[in-house]
Structure formats: structure tokens, C-alpha cells
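These notes are about the structure you will find just below.
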Amino acid sequence: MLAYSVYGSGYITYMTFIIAWMRTHQAGLVQIAGFWGLLGLSVMASPYVWKSRLARNRGGNSLGLACAVLAVAALLPCFDTGSLTMTVSALMFGVSMFIGPAAITVMVRNGSPQGTWGAGIAAFTTLFGIGQAVGPVFSGWLGDVTGSLSLPIATSAAILATASAIAYLQKDFRQPAPA
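So in full-length UniProt numbering, spot 139 of the sequence shown is number 139, and the numbers just go up one at a time.
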């Protein structure tokens, strides 16, 4: 559950600040629209990219991998602000951004009795929402303190890397198949 909350905090931090960060790095309207368009197209492709991985999901491995991809995508702009880097960042982020909920759903279904699935998903969703609330507030504060949006972007990468590490610690708890 902790990994999912931390994931919520990290992904929303990137999504909250990346466009403002691009503007501070002189990105124009066409570049920003292109970034959003590529991110959206890669979100649409993500189920096809992740389908087989989710089918083989064991414990927190799928969430861990998705968060690792997101961490790299969020960190890329910290090293280069060029169009190619931002394109790769958008594509990587979009293709992995919404895999977290699917990975958690598979994990809950695999690791708990069917009658508890709703409560399990509800608990995960609550913690995810808390992470989504905390991430931008904390990162925004960091941006205010430093006067730069670079730290919130780097922080989102660090948060996502942390979520990845925590997710990989989650063991696979398979429920026996009903007889």
C-alpha cells in the first residue's frame, strides 16, 4: 500500500509541474502541445505495451517496473531541456503513468479472496489519493523555497524511484484457486 501512495505522490508531482517547468525553460505553445499530445498517445498505447507484463504480475513487480520507468522519464528533463529529451520523457511517462492502478488491481485480485477485492481496492485508492494530495504540496513548497521548478521535477523522480523500490519488496501472495 505504501508503494502505491508514494507512486501517487510522485506521478502527480511531475504532471503538476512539468508544463510550468517547460515554460520556465522557454518552451513555446507548439512544444507544450506536442508534449501533451505525445503523452496522451502513449497513454493510449500503454495497455498494449503492458498487457503481457500485467498478466505475469507477481507481487509488486509490475508496479515497481512502472515506477522505475516513470522515475527515469521524470529525471530526463533535469539533464537536458531539448525537444528530443522532452519527447522521450513524454513517451516514457505516458506509457507507464496509469499502469499503477492496473498493477494494484491485479495484485489485489491475485492476493486476496474475491469477497475482499472491493475493500482492498478501496483501501489502496484512499492511500493513493493521500499521496496525490501530499506530493504537489510538498514539491510546490520546495519550489517556493528554492525559487525554481527544477527541484520539484527532480523530487518527482526521487519519489517515483522510492515507490519502485518499495513495490519490489512486495511479495507475491497468491490465493489458491477455488476448487
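Don't be surprised by glycine CBs; every beta carbon is placed ideally from N, CA and C.
Could you compute how far the alpha carbon of residue i sits from the alpha carbon of residue j?
i	j	result
PHE79	VAL69	16 Å
VAL49	GLY129	26 Å
VAL6	MET86	24 Å
GLY143	SER156	12 Å
GLY147	SER89	23 Å
GLY120	GLY28	43 Å
THR125	PRO101	9 Å
When DSSP labels each residue in this structure, what does residue i get in the three-state scheme?
i	result
ARG53	helix
SER150	helix
ASP172	coil
THR81	coil
PRO136	helix
PRO113	coil
residue 183	Beyond the ends of the chain as shown, which are 1 and 179, falls residue 183; an answer cannot be given.
PHE128	helix
GLY60	coil
Can you list, in chain order, the residues of its chain with a C-beta nearer than 6 Å to that of residue i? Leave out the 5 residues immediately preceding and following it.
i	result
VAL154	Note on identity: in this sequence residue 154 is Ala, with Val being the wrong assignment. Same-chain partners within the cutoff: CYS78.
LEU75	ALA157
SER42	LEU91, GLY94, VAL95
Once you ignore the five residues that flank residue i on each side, which residues in its own chain have a CB closer than 8 Å to its CB?
i	result
SER46	GLY94, VAL95, SER96, MET97, PHE98, ILE99
Closer than 7 Å by C-beta to residue i: which residues in its own chain qualify, once you throw out the five before and the five after it? Chain order, please.
i	result
ALA20	LEU149
ILE166	LEU2, ALA3, VAL6
Whole-angstrom Cβ separation of residue i and residue j, contact assumed at under 8 Å?
i	j	result
SER9	GLN132	7 Å
Legend entry - Meets three-Cβ-pair contact criterion under 8 Å: the region 132-139 and the region 6-21: Enough Cβ pairs lie closer than 8 Å, so yes.
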